[in-house]
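Undergrad:
There are 2 protein chains.
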Amino acid sequence: MNTSKLLHWEDVEVGTPNTYGAYTVTKEEIFAFARAYDPQPHHVDEEAAKLSLTKGLCASGWHTCAMFMRILYDGVLKNAASLGASGIEEVKWIKPVRPGHVLRARSVCTAKRLMNSRDGVGIAQMKHEILNQHDELLMTMENAQFLAVRDPAKARAEFKS
Amino acid sequence: MNTSKLLHWEDVEVGTPNTYGAYTVTKEEIFAFARAYDPQPHHVDEEAAKLSLTKGLCASGWHTCAMFMRILYDGVLKNAASLGASGIEEVKWIKPVRPGHVLRARSVCTAKRLMNSRDGVGIAQMKHEILNQHDELLMTMENAQFLAVRDPAKARAEFKS
Chain C
1 MNTSKLLHWE DVEVGTPNTY GAYTVTKEEI FAFARAYDPQ PHHVDEEAAK LSLTKGLCAS
61 GWHTCAMFMR ILYDGVLKNA ASLGASGIEE VKWIKPVRPG HVLRARSVCT AKRLMNSRDG
121 VGIAQMKHEI LNQHDELLMT MENAQFLAVR DPAKARAEFK S
Chain W
1 MNTSKLLHWE DVEVGTPNTY GAYTVTKEEI FAFARAYDPQ PHHVDEEAAK LSLTKGLCAS
61 GWHTCAMFMR ILYDGVLKNA ASLGASGIEE VKWIKPVRPG HVLRARSVCT AKRLMNSRDG
121 VGIAQMKHEI LNQHDELLMT MENAQFLAVR DPAKARAEFK S
């Protein structure tokens, strides 16, 4: 028996949203990330950004993904028996993420299943929303999170796939 | 008439792959990104990583996305009339990205269309593959890239949507 207190696959409740965060976005961090990875004008140049489709400086979409990951890690993954993920099904960058935004994530598991090819690995299908302090929806994301199963034999008996 | 030499929507050829890169992955950069955004053990702890599903230290999937973005920027976007993107349709993290990997991106436009809601904006539907120096496929990604249209009236006449 695994006595770990970590969140395992069995502990994830389908349909119950959880909220994680806050993460404050700074201009300095927007610049630093963008200079390293995405130096498009609307992420590194305030004057040029005013003339862009985003109508002002905003974080790289990939930076927003990274900040979301940190929110998720601090909120749940650091206390979970996480086994990572094999990808992302969809990301939508809905509104620009600005300096001064305070981000949080609202996450819900929409379905659970066991991995057929690997005993002891469970999959939680997740939908995530990233909002700011004004409750504006900035980004959505869907992905499949892998988690360790606490009792694989019992889980397999209960969750026929 | 826009005389810009930048790559515009009209210049994108459907079905012709382009290869961009190289980007050398270092252990130091894996650690730095992961400590900031994704401090799961297999990204920040070499010993713990050996026991993980990835069987050794590897880059955060989000870090790989960020490095891909830099490859794409240096390879094409910095000389393109890019208008950004509204999201990602799919990311698959196929194999771990390791220290010492030299990444390149192979990108192909699979379809083009004009944005109905905004004149002068074209959409290039892209498929990207990220490979290392051993030609191992590490990540795939699909997304819609927005580009400025050089001659919107002519484009609209030729590309009825």
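Line by line, the protein sequences are chains C and W. So the first sequence is numbered by our numbering: it starts at 1 and just counts up by one. So the second sequence is numbered by our numbering: it starts at 1 and just counts up by one. We put the beta carbon where it would ideally sit given N, CA and C, even for glycine. Note that this is a predicted model, so its numbers are computed, not measured.
#1: Hey, out of E13/C, T26/C and D11/C, whose CA is closest to V102/C's CA?
#2: Taking S82/C as the query, report the chain W residues whose CB atoms sit under 8 Å from its CB, ordered along the chain.
#3: For chain W, is any of its Cβ atoms less than 8 Å away from the one on G120/C?
#4: Taking the alpha-carbon of L77/W as reference, which of E158/W, A155/W, A153/W and V12/W has the nearest alpha-carbon?
#5: To which residues of the same chain is P41/W closer than 6 Å at the C-beta, ignoring the five residues directly before and after it?
#6: Under 7 Å Cβ to Cβ from A81/C, same chain only, skipping five residues before and after it: list those, please.
#7: For N116/C, count the other beta carbons within 10 Å of its own beta carbon; 16 or more makes it buried, fewer makes it exposed. Which is it?
#8: Indicate whether I71/W and G21/W have their beta-carbon atoms separated by less than 8 Å.
#9: Does the beta carbon of N2/W sit closer than 8 Å to a beta carbon anywhere in chain C?
#10: Can you list the residues of chain W that M67/C reaches, using a CB-CB cut of under 8 Å?
#11: Report yes or no: do the stretch 105-114 of chain C and the stretch 84-92 of chain C share at least 3 C-beta pairs separated by less than 8 Å?
#12: By Cβ distance below 7 Å, which residues in the same chain neighbour K50/C in space, the five residues on each side in sequence not counted?
#13: Relative to the C-alpha of K92/C, which residue among G75/C, K127/C and G100/C is closest?
TA: The relevant details are as follows:
#1: For V102/C, the closest of E13/C, T26/C and D11/C by C-alpha to C-alpha distance is T26/C.
#2: Against S82/C, the close residues of chain W are Q40, in the order they occur along the chain (beta-carbon pairs closer than 8 Å).
#3: With 8 Å as the cut-off, G120/C does not count as an interface residue toward chain W.
#4: For the residues E158/W, A155/W, A153/W and V12/W, the minimum Cα distance to L77/W belongs to V12/W.
#5: Contacts found: A48.
#6: Close CB contacts of A81/C within its chain, under the 7 Å cut and outside five residues either way in sequence, are with S4, L6, L7, H8, L147 and A148 (chain order).
#7: Under a 10 Å Cβ-count criterion, N116/C is classified as exposed, with fewer than 16 other Cβ atoms of the shown protein chains found around its own Cβ.
#8: A contact, by the Cβ cut-off of 8 Å.
#9: Because the pLDDT of N2/W is 49, which lies under 50, any placement of that residue in the model is unreliable, and the number read from its coordinates should be weighed accordingly. Cβ-Cβ to chain C under 8 Å: no for N2/W.
#10: Y37, listed in chain order.
#11: Result no; under three Cβ-Cβ pairs closer than 8 Å.
#12: The beta carbon of K50/C is closer than 7 Å to those of G56 in its chain, skipping five residues each way along the sequence.
#13: When G75/C, K127/C and G100/C are compared, the shortest CA-CA separation from K92/C is found for K127/C.
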